[in-house]
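In my numbering, the protein residues as written are 237 to 417.
We treat Cβ as the ideally placed atom computed from N, Cα and C, and that holds for glycine.
Structure first, commentary second.
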Amino acid sequence: MNGLHPDLARVLVPEETIQAHVKVLAHQISLDYADKGPIYLVGVLRGAFIFLADLVRCLTVPHVVDFMSVSSYGKTTESGVVRIVLDLREPIDNQHVIIVEDIVDSGKTLSYLYKMLKGRNPASLRTCTLVQKPKGPLDVPVDYLGFKIPDVWVVGYGLDYADKHRTLPYIAELKPSVYTR
Ligand code: IMP
Ligand code: MG
237 MNGLHPDLAR VLVPEETIQA HVKVLAHQIS LDYADKGPIY LVGVLRGAFI FLADLVRCLT
297 VPHVVDFMSV SSYGKTTESG VVRIVLDLRE PIDNQHVIIV EDIVDSGKTL SYLYKMLKGR
357 NPASLRTCTL VQKPKGPLDV PVDYLGFKIP DVWVVGYGLD YADKHRTLPY IAELKPSVYT
417 R
């Protein structure tokens, strides 16, 4: 593609493909929750805000948008220990909750959030992620998935590398030389 930033190796998911998949996901969710009353959508900051913004504008069922932010303890996510940086504004007991993530890599973040929110007794709890990398089996379900992608670092459409490239309209693979230097 012309004009690709020198940090980027290639476009993995073009803008039109993302937008088409977001519409399909919103349609599925709208069908599944048609008679259930408002959905409580939990966007995981920061990466999910662009995906969530597009998703909610395609939903045809009532919904509430809220956000959580988590960060990993220590320098690596290997421990799977996650800290809540920003919590939900409302209690979610008896709510139909969907966690909306940008990307599932090891699955530790989603697993932590799922178990924690499950403990707050929602009426139902599902998960939605735009992209998933091919790591081992997850201990939580991914109910709504946009794309499976190869195990490379990706940026764009909310995803960043060191806070860069988040606002690209497509999802692109970062050159390995950028994150190994
Ligand atoms: P997990 O807990 O290993 O599934 O990691 C999930 C989090 O790591 C995501 O919510 C992202 O913030 C970050 N992450 C993992 N892979 C990527 C990537 O390729 N690009 C940008 N962020 C990523
Ligand atoms: Mg994230």
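(request) Report yes if the C-beta of residue 248 is less than 7 Å from at least one heavy atom of ligand 1; otherwise report no. (result) Within the sequence shown, numbered from 1, the residue matching residue 248 stands at position 12. Checking the Cβ of residue 248 against ligand 1 gives no.
(message) Suppose contacts are defined by Cβ-Cβ distances below 8 Å. Is residue 332 in contact with residue 273 by that definition?
(response) The sequence position of residue 332 within the sequence shown is 96, counting from 1. The sequence position of residue 273 within the sequence shown is 37, counting from 1. Result yes, Cβ atoms of residue 332 and residue 273 sit closer than 8 Å.
(message) One question on the structure: do residue 356 and residue 385 come within less than 8 Å of each other, judged by their Cβ atoms?
(response) Position 120 of the sequence shown, counting from 1, holds the residue named residue 356. Position 149 of the sequence shown, counting from 1, holds the residue named residue 385. No. Outside cutoff.
(message) Can you tell me where the beta strand (DSSP E) holding residue 367 begins and where it ends?
(response) For the purposes of this step, residue 367 is identified with residue 131 of the sequence shown, where counting begins at 1. 360-368 is the span of the beta strand (DSSP E), which, as asked, contains residue 367.
(message) Determine whether the beta carbon atoms of residue 393 and residue 406 lie at a separation below 8 Å.
(response) Along the sequence shown, one-based indexing puts residue 393 at 157. Along the sequence shown, one-based indexing puts residue 406 at 170. Against a cut-off of 8 Å, the Cβ pair of residue 406 and residue 393 comes out as a contact.
(request) Throw me the rounded Cβ distance for the residue 270 and residue 294 pair, which I believe falls under 8 Å. (result) For this step, residue 270 is matched to residue 34 along the sequence shown. For this step, residue 294 is matched to residue 58 along the sequence shown. Between residue 294 and residue 270 the Cβ distance is about 15 Å, and since that is not below 8 Å, they are no contact.
(message) For residue 348, report the span of its alpha helix (DSSP H) as first-last.
(response) On the sequence shown, residue 348 is found 112 positions in, with the first residue counted as 1. Run containing residue 348: 344-354, per the alpha helix (DSSP H) assignment.
(request) Look up residue 319 in the DSSP assignment and give the residues it is bridged to. (result) Taking the sequence shown and counting its residues from 1, one reaches residue 319 at position 83. Partner(s): 307.
(request) Tell me the start and end of each unbroken beta strand (DSSP E) in the region 372-399 that is at least 3 residues and wholly inside, in chain order. (result) 380-384
(request) Using 7 Å as the cut-off, classify the Cβ of residue 339 as near or not near the heavy atoms of ligand 1, replying yes or no. (result) In the sequence shown, counting from the first residue as 1, residue 339 sits at position 103. Checking every heavy atom of ligand 1 against the Cβ of residue 339, one is found closer than 7 Å.
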